[in-house]
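Numbering (the numbering used here), first residue to last: 230 to 416.
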């Protein structure tokens, strides 16, 4: 599908069409001419881009909204002409960077597909992630924008600290035989 400079492809099945439609602007909903779930998903993502006024932030906002619900399998590619956004949810998505700089006779290329198409060194994108594919000093680069595992790893030290603090307070209350409810465990 194409709307202005946005081009969109979806692999999956949207099961939460009503929720998607309710969260789509009337202007973007009016652009839907077919009956496919893919076109409605595109309108939903374009609505988020319109709301924030910038493609990358809009796609990230749309993906976060998609992750908040159970709307089906929503792997997609979206291009704005400068970058390609690759999102994986419910269906596999693989990435291949072809023709490294040491092979100067070839143009460096990035390939994204739902299956590994060759015996080359493909990388499977993790579930529930969004990556942007872009040119970086003449070389293709993929970077994660939404990475659920990455967020969990960032939160892990905080969660360990909270568990340690709570454990220390519980031990203090136990050792002091505290029963009044006025201990460090129950301030």
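Beta carbons: idealized from backbone N, C-alpha and C, even for Gly.
Since we're looking at a predicted model, the values are computed, not measured.
Candidates the options, of which the one nearest residue i by Cα
i	options	result
residue 244	235, 367, 266, 354	266
residue 283	319, 303, 234	234
residue 275	238, 345, 360, 338	238
residue 179	313, 365, 318, 309	Outside the shown range of the chain (230 to 416) lies residue 179, about which nothing can therefore be said.
residue 337	251, 369, 347	369
residue 320	361, 285, 253, 301	301
residue 246	259, 268, 240, 349	268
residue 308	375, 288, 252	288
residue 280	341, 363, 252, 310	252
Distance between residue j and residue i (C-alpha atoms, nearest Å)
i	j	result
residue 261	residue 255	10 Å
residue 278	residue 322	23 Å
residue 292	residue 315	11 Å
residue 345	residue 351	6 Å
residue 313	residue 250	24 Å
residue 178	residue 349	Any property of residue 178 remains undetermined from this structure, which presents the chain solely from 230 to 416.
residue 357	residue 339	20 Å
residue 354	residue 257	29 Å
residue 359	residue 232	21 Å
residue 343	residue 365	24 Å
residue 311	residue 363	7 Å
Cβ neighbour criterion (16 or more within 10 Å) applied to residue i
i	result
residue 367	exposed
residue 372	exposed
residue 241	buried
residue 347	exposed
residue 383	With a pLDDT of only 49 at residue 383, under the threshold of 50, the placement of this residue in the model should not be trusted; the figure read from the coordinates follows. That one is exposed.
Rounded Cβ spacing between residue i and residue j (contact assumed at less than 8 Å)
i	j	result
residue 230	residue 273	About 12 Å; that fails the 8 Å criterion.
residue 236	residue 285	Actually they do not touch by this definition, with Cβ atoms about 16 Å apart.
residue 306	residue 341	6 Å
The ligand ZN heavy atom lying under 8 Å from the CB of residue i
i	result
residue 246	Because no ligand of any kind appears in the structure shown, any question about the ligand ZN cannot be addressed here.
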